[in-house]
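If you count the sequence shown from 1, position 211 lands on 211 in the UniProt record's numbering, and the numbers rise without skipping.
From the three backbone atoms N, C-alpha and C, an ideal C-beta is built for every residue, glycine too.
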Amino acid sequence: MWFLRTIFSTEVLPTIPGEGVYMRVPQAGDFVAWRDLRAESRAFLTPWEPLWPSDDLTRGAFRRRLRRYARDMLRDEAYPLFLFRADDDRLLGGLTLSNVRRGICQAASLGYWMGEPHAGRGYMTAAVSALLPVAFEALGLHRIEAACMTNNLASIRLLEGVGFTREGFARQYLCINGAWEDHLLFARLRGDARTGRDRTGAQERSASSFAAQ
């Protein structure tokens, strides 16, 4: 637990590098970029997300979000990350490892979102590929689960492309945009064969100062 709190502390912000991207824990200074990207992408994102609260894009709501993030990380319950483009530090989207279960399970759920201007360019594939070795090696997880709506073809391609296995179908699994939606269930295990992107991400992370922090 000390190790997890150290590398994912809200005061110590290590960077997780990927192919043309990097991820880090959200900070208060990210508010304007986050608000503008979410607002610009609202119509693009709402078909795939829970209903947005009426004050979702306000600074106060963002501060509450950061407090929840800090609490979740300290409790080893979830690890939220913002995704940035490496060459200009532009915010692209976000990923979260949530619902962390320890004990005999050692599993978590992967979720992600991408701003509309940056979708379809391979950024999220690069991010997930870089995050998986961290989840398995640094966080000690055995299983990463993900779910997506049956008509979300882009997400299905992404998950299958980074080595997730389709394991099942869940009726009315999550309430998305105000309606209970069926979802496909995916998972990737620590022992599953790595993709080429995984190996590249692990090499980049080993060369960074991530473990030293």
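### Query
Using a Cβ-Cβ cut-off of 7 Å (strictly less than) and excluding sequence neighbours within five positions of Asp72, which residues of its own chain qualify?
As a first step, residue 72 must be located in the sequence shown, where it is residue number 72. Taken in chain order, the residues that qualify are Ala78.
### Task
For my contact list, Ser129 and Val162 are in at a C-beta cut-off of 8 Å; report their separation, rounded to the angstrom.
In the sequence shown, residue 129 corresponds to position 129, counting from 1. In the sequence shown, residue 162 corresponds to position 162, counting from 1. About 5 Å separates the Cβ atoms of Ser129 and Val162, confirming a contact at the 8 Å cut-off.
### Cβ distance (whole Å) where Glu19 is taken to contact Ala146 below 8 Å
Residue numbering aside, residue 19 sits at position 19 when the sequence shown is read from its first letter. Residue numbering aside, residue 146 sits at position 146 when the sequence shown is read from its first letter. Beta-carbon to beta-carbon, Glu19 and Ala146 are separated by about 20 Å, too far to satisfy the 8 Å threshold.
### Query
Hey, Gly93 and Tyr69: beta-carbon distance below 8 Å or not?
Stepping through the sequence shown from its first residue, residue 93 is reached at position 93. Stepping through the sequence shown from its first residue, residue 69 is reached at position 69. No. Outside cutoff.
### Task
Could you check the C-alpha separation between Arg190 and Leu141 for me, to the nearest Å?
In the sequence shown, residue 190 corresponds to position 190, counting from 1. In the sequence shown, residue 141 corresponds to position 141, counting from 1. Roughly 7 Å between the two C-alpha positions.
### Message
Below 8 Å on the Cβ atoms is my contact criterion, and I expect residue 217 with Pro26 to pass it. Report the Cβ-Cβ distance as a whole number of Å.
### Response
The chain is shown only over 1 to 213; residue 217 falls outside these bounds and no answer can be derived.
### Task
Please state whether DSSP places Asp182 in a helix, a strand or coil.
Position 182 of the sequence shown holds residue 182. DSSP places Asp182 in strand when its eight states are reduced to three.
### Task
Could you pull the start and end residues of the alpha helix (DSSP H) that Val100 belongs to?
Position 100 of the sequence shown, counted from the first residue, corresponds to residue 100. Boundaries around Val100 are those of the beta strand (DSSP E), 91-101, since no alpha helix (DSSP H) includes it.
### Message
Does Pro50 pass the burial test, meaning 16 or more other C-beta atoms within 10 Å, or should it be called exposed?
### Response
Residue mapping note: residue 50 aligns to position 50 of the sequence shown, counting from 1. It counts as exposed.
### Task
Let me know if Ala135 comes out buried or exposed under the rule of 16 or more other beta-carbons within 10 Å of its beta-carbon.
Position 135 of the sequence shown holds residue 135. Classified as buried, Ala135 has 16 or more neighbouring CB atoms from the shown chains inside 10 Å of its CB.
#### Entry: Span of the alpha helix (DSSP H) around Pro133
For this step, residue 133 is matched to residue 133 along the sequence shown. Segment 123-133, the alpha helix (DSSP H) holding Pro133.
### Message
Tell me the rounded alpha-carbon separation between Cys148 and Asp88.
### Response
Here residue 148 is taken as the residue at index 148 of the sequence shown, counted from 1. Here residue 88 is taken as the residue at index 88 of the sequence shown, counted from 1. Using only the alpha carbons, I get a separation of about 30 Å.
### Message
Taking the alpha helix (DSSP H) that Ile156 belongs to, which residues open and close that run?
### Response
Working through the sequence shown from its first residue, we reach residue 156 at position 156. In this chain, the alpha helix (DSSP H) harbouring Ile156 covers 153-161.
### Query
Exposed or buried, which one is Ile144 when buried takes at least 16 other CB atoms within 10 Å?
Numbered from its first residue, the sequence shown carries residue 144 at position 144. By the neighbour-count rule (16 or more Cβ atoms within 10 Å), Ile144 is buried.
### Query
Using a Cβ-Cβ cut-off of 7 Å (strictly less than) and excluding sequence neighbours within five positions of Ala86, which residues of its own chain qualify?
Locating residue 86 in the sequence shown gives position 86, counting from the first residue. Closer than 7 Å at Cβ, skipping near neighbours: Gly20, Val21, Tyr22.
### Query
Is Val100 buried or exposed, if buried means 16 or more other CB atoms sit within 10 Å of its CB?
As a first step, residue 100 must be located in the sequence shown, where it is residue number 100. In summary, Val100 is buried, with 16 or more beta-carbon neighbours lying within 10 Å of its beta-carbon over all protein chains present.
#### Entry: Coarse secondary structure for Val25, derived from DSSP in three states
Position 25 of the sequence shown, counting from 1, holds the residue named residue 25. Here Val25 sits in coil by DSSP.
### Query
Would you report the Cα separation of His183 and Glu137, rounded to the nearest angstrom?
Reading the sequence shown from its first residue, position 183 is the one you call residue 183. Reading the sequence shown from its first residue, position 137 is the one you call residue 137. C-alpha separation (whole angstroms): 28 Å.
### Message
For Pro57, which residues in the same chain have their Cβ closer than 7 Å to its Cβ, ignoring the five residues on either side in sequence?
### Response
Counting from one through the sequence shown, the residue named residue 57 turns up at place 57. Correcting the residue type first, residue 57 is Leu in the shown sequence and not Pro. Within the same chain, Leu57 has close Cβ partners Arg35, Arg38, Ala39.
### Task
Mind reading off the beta-carbon distance from Arg188 to Leu132? Whole number of angstroms is fine, and I expect it under 8 Å.
The residue you call residue 188 lines up with position 188 of the sequence shown. The residue you call residue 132 lines up with position 132 of the sequence shown. Contact annotation, Arg188 with Leu132: C-beta distance approximately 7 Å; criterion of less than 8 Å satisfied.
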